[in-house]
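Just so you know, the sequence shown maps onto residues 226 to 444 in this note's numbering.
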Amino acid sequence: MAVAEPRPAETIDPITDAIGVLQWAHRRFGDRLCVTASFGDGVLAHLANAAVPGVEITLLDTGYLFAETEWYADDLAHRFDLNVRVIRPDADLDRNVWQTDPDACCAARKVEPLQRALRDRDAWVTGLRRSDSESRRRAPFVHDDLLKGVVKINPIAAWTDDHVAAYVERHEIPDHPLADRGYPSIGCWPCTRPVAEGDDQRAGRWADSDKTECGLHQV
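Right, here's the structure in full:
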C-alpha cells in the first residue's frame with residue numbers, strides 16, 4: 226500500500242510538523258488508524274490527542290509493566306481526557322519465559338498483541354524517534370511496513386531530546402514517576418534497569434545482553 230509521505234514545510238518547526246503529519250494521517254485513514262503509546266512519557270499520547278481530539282490511543286499492557294507506568298497512563302488519561310484502549314497478552318502465557326528467552330517473551334507479550342491491535346487497521350502511528358538509538362537513525366516519517374501490512378507513521382521521528390523537553394514544558398505534561406530515578410527509557414520491569422548519568426538512554430533496556438529491540442520496530 227504505497228502512500229505519498231507528507232512533506233514537512235522547511236519553515237515550520239518539527240513540533241508543528243508532527244501535528245501536521247498526524248492530521249494528514251487521520252484525514253487519510255480515519256478510524257482505520259491505530260496510535261500506540263508505551264507511556265514511558267506522555268508526549269505522543271498528548272500530541273495525538275491535540276492533533277486529533279478523541280483519537281483512540283492503544284497501550285500494549287504486557288503484564289510486566291511497572292506499576293508506575295500503569296498509574297501514569299491512567300493519570301494522563303484523566304488529566305488530558307485521553308481515549309485509551311488497553312490490549313493485553315494471552316492470560317495462559319508462561320510467566321517465567323523472560324528469564325530464558327526474552328525474544329519469545331516479547332513476541333508473545335508485545336508483537337502478538339500489536340497484531341491484534343492492528344487487525345482491521347490500515348495505518349499505525351508510533352512514537353519512534355531517530356535520536357532513540359543507532360538502529361533508528363534513518364526512521365522515516367511514513368513508510369509501508371510490509372511485515373505488518375500497514376502504513377507506519379512516525380510523526381516525531383525528527384524530534385530531539387530538546388524538542389521533547391520543549392513540548393513537555395509548553396503543555397505541562399508530568400514526567401513518568403521513574404524518570405527521576407535513572408530510567409530514561411522504560412519498558413517491562415524484568416528487562417529495564419536504571420542507567421548511569423551520561424549513558425545511552427536505552428542502555429537499561431535488556432542490559433547485559435545483545436538484545437536492543439522488542440520486535441515491534443524494524444527500521
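Even for Gly, the Cβ is constructed at its ideal location relative to N, Cα and C.
On a predicted model such as this, the values are computed, not experimentally measured, just so you know.
Residue i vs residue j beta-carbon contact at 7 Å
i, j, result
"residue 247", "residue 380", "yes"
"residue 392", "residue 268", "yes"
"residue 411", "residue 265", "yes"
"residue 270", "residue 307", "yes"
"residue 343", "residue 259", "yes"
"residue 388", "residue 239", "yes"
"residue 295", "residue 402", "no"
"residue 414", "residue 297", "no"
As assigned by DSSP and simplified to three states, the class of residue i
i, result
"residue 241", "helix"
"residue 313", "coil"
"residue 325", "coil"
"residue 307", "coil"
"residue 268", "helix"
"residue 236", "In this predicted model, residue 236 has a pLDDT of only 43, less than 50, meaning its place in the structure is not dependable; the value taken from the coordinates is given anyway. Coil."
"residue 525", "Residue 525 is absent from the model: the chain starts at 226 and stops at 444."
"residue 430", "strand"
"residue 401", "coil"
"residue 422", "coil"
"residue 249", "helix"
"residue 298", "helix"
"residue 260", "strand"
"residue 364", "coil"
With 16 other Cβ atoms within 10 Å as the buried cut-off, status of residue i
i, result
"residue 385", "exposed"
"residue 241", "exposed"
"residue 283", "buried"
"residue 338", "buried"
"residue 334", "buried"
"residue 407", "exposed"
"residue 263", "buried"
"residue 236", "With a pLDDT of only 43 at residue 236, under the threshold of 50, the placement of this residue in the model should not be trusted, and no figure is reported."
"residue 352", "buried"
"residue 314", "buried"
"residue 311", "exposed"
"residue 390", "exposed"
"residue 325", "exposed"
8 Å contact criterion, which residue i and residue j should meet: CB distance rounded
i, j, result
"residue 316", "residue 322", "Contact flag wrong, Cβ pair sits at about 14 Å."
Q: Counting only runs of 4+ residues fully inside the segment 368-401, write out the alpha helix (DSSP H) ranges in chain order.
A: 386-396
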